Amino acid sequence: MSELASQFKSDFLREFAARGCLYDCTDPEALDALFAKERVTAYIGFDCTAASLHVGSLVQLMTLRRLQQAGHRPILLMGGGTTKIGDPSGKDESRLLLSAEQIEANKQSILKGVQHLLRFGDGASDAIMTDNAEWLDRLDYVPFLRDIGRHFSVNRMLTMDSVKLRLDRDQPMSFLGFNYMIMQAYDFVELYRRYGCRLQSAGSDQWGNIVSGIDLGRRVENVQLFGLTTPLITTASGAKMGKTAAGAVWLNADQRSPYEYWQFWRNTEDRDVGRFLRLFTDLPLDEISRLEALQGAELNQAKIVLATEATSILHGRAAAADAAETARRTFEEGGAAAGLPTFTLKLPDGILNLAVATGLVSSNSEARKLIANNGLRLNDAIVSDPRLQVDQGALTADGVLKLSSGKKKHVLVKPA
RNA sequence: GGGGGAGUGUCCCGAGUGGCAAAGGGGGCGGACUGUAAAUCCGCUGCGUUACGCUUCGUUGGUUCGAGUCCAACCUCCCCCA
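Take the first sequence: its letters are residues 99 to 514, numbered as in our numbering.
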């Protein structure tokens, strides 16, 4: 699709495609014309299954951001209702159902985490946040079946990937999960009714659900709706974006600090730098071309730009600058920079307990193994004795301890 | 309802049919080499006060000096027949 970039007339689609964000869309010509003609209202839905979104959702969030930057109106749809059902796509097992309270708490937390990405308000292109629980929770079963259910062919639903793949692998699927796509299709129509929303965007795996919504819109509202999908982002090595050893790369600062988030991007593989700059920053394309052309160690400069820009979008310019400075002091000067993750606690007995207390390792055994592999450092000196006692005398001039696992993970400990 | 099969180290896959803390792989972590990259090589990958002890193979009982392995019941899933 990116080769079509130059053929689009609308600013939004041209830029979107040129950045490698476009995977597929329905009726490209009509959608392009719509974007060129008027302010478009578009939505993306997010599940409330966790207290924070992670990097895997970032492409979607960036899509909303770009829509807004191009003067259109993004809707952030929180799946407070659909989360009660659970998306069957891709999962091998039905997930445990979350309680309504848990879903609501997750929703609030997610919203807090994405504040910097979009401008909310009452202006013409200000972002709107809504929750599909507002309409899904109130549905009356029989009227819903008569008005909406009649438009869905079970035969067709069975052929959709989210269902088919599951059945093909002999994995169970309850009637509950089977309804997810109907709810998502209905969301689209409801958002059209409420906000004149004409476009739904999502990852490419949601194509089937999007098309269902478009079909439903034509049948019940006689309107042409559009769908737009983004590619599934993997690293050049084939790993899914945002999954690291420590778990998902969460967007909320209380789960992954701006410094750690900055580090995540700083450690991007060489081959991904240009692509990620296009996808995850607002930098102009010619600037990105210049950065990705850097060779060898020079490319580290591009990674620093990537990290700072990406962090800035999520946490703000100041937090990004702080993170960059903390990283510079830590990695280039080898110091105990104040911006590192810091734990204030009473110094425990022995180095093992200290390492566990900071979360650098999860058990004493793991700490011992790390020490045996020369992986644990206290104030940059390799710890070789697992029985090492840590007391006030070990504090640096700043009155802290710097504890490191390997060369990249550093934390500070302040005696309480 | 009848017949057959499966559930293994709480990341995943997967060997194992009486001596097992349990093969192998992926993933992950650490080390070497580098550029906070990739590739490659090496080590580690249940917990603990670590030449020892404790907990682990769907659940609960049983046989045995000893059970992931044998027996019984139960739970969950899959396949075939009805």
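Note that the Cβ used here is the ideal one computed from N, Cα and C, for glycine as well. The structure presented is a predicted model; accordingly, all values stated were derived computationally and were not measured.
Skipping 5 residues on each side, what residues in its chain have a beta carbon closer than 8 Å to that of residue i?
i	result
glutamate 407	Leu375, Phe378, Thr379, Asp380, Leu381 and Ala418
aspartate 313	His249 and Ala283
glutamine 490	Leu445 and Pro513
aspartate 447	Gln487
Cβ-heavy atom distance between residue i and the ligand HEM below 7 Å?
i	result
arginine 317	With respect to the ligand HEM, the structure shown offers nothing to examine, as it has no ligands at all.
With distances taken Cα to Cα, identify the nearest neighbour of residue i among the options.
i	options	result
lysine 444	Glu464, Met176 and Ala455	Ala455
alanine 300	Ala283, Gly294 and Leu314	Ala283
leucine 174	Phe144, Ala148, Glu396 and Ala198	Phe144
glycine 178	Phe324, Gly169, Ser207 and Met160	Ser207
serine 482	Lys467, Ala435 and Ala492	Lys467
tyrosine 359	Ala168, Pro172, Lys507 and Gly457	Lys507
leucine 156	Lys505, Ile280 and Trp363	Trp363
tryptophan 348	Lys210, Lys135 and Gln487	Lys210
aspartate 259	Ser302, Tyr290, Glu232 and Ile226	Ser302
aspartate 125	Ala140, Tyr293, Gly325 and Arg415	Gly325
arginine 354	His413, Asp368 and Ala334	His413
alanine 434	Val403, Asn477 and Ser461	Asn477
serine 503	Gly497, Gly473 and Ala131	Gly473
Tell me whether residue i is buried or exposed, calling it buried when 16 or more other Cβ atoms sit within 10 Å of its Cβ.
i	result
glutamate 390	buried
asparagine 320	exposed
glutamate 191	Legend: pLDDT at glutamate 191 = 38, less than 50; position of this residue unreliable, value from coordinates given subsequently. Looking at its Cβ environment, which holds fewer than 16 other Cβ atoms inside 10 Å, glutamate 191 is exposed.
proline 241	exposed
valine 509	buried
glycine 432	exposed
tyrosine 239	exposed
isoleucine 480	exposed
glycine 275	buried
leucine 243	exposed
leucine 165	buried
phenylalanine 133	buried
leucine 452	buried
lysine 401	buried
DSSP state of residue i, grouped into three classes?
i	result
phenylalanine 110	helix
methionine 255	helix
lysine 444	coil
glutamine 298	strand
leucine 468	helix
arginine 236	coil
lysine 506	coil
aspartate 313	helix
glycine 118	coil
threonine 161	helix
valine 488	coil
valine 287	helix
histidine 249	helix
valine 511	strand
histidine 152	strand
arginine 426	helix
arginine 171	strand
Can you name, in chain order, every residue of its own chain whose Cβ lies under 6 Å from the Cβ of residue i, other than the five neighbours on each side?
i	result
tyrosine 357	Ala421, Thr424 and Gly437
glutamine 158	Ile142
glycine 188	Any reading at glycine 188 needs caution, since the residue's pLDDT is 45, under 50, leaving its predicted position unreliable; the model's value is listed next. Nothing listed; no residue qualifies.
tryptophan 233	Glu288
Residues in the same chain with beta-carbon distance under 7 Å from residue i, minus the five sequence neighbours each way, listed in chain order, please.
i	result
threonine 181	Asp145, Cys146, Thr147, Leu196 and Ile201
What residue ranges within the stretch 348-381 form continuous alpha helix (DSSP H) runs of no fewer than 4 residues, ordered along the chain? 356-364 and 371-378
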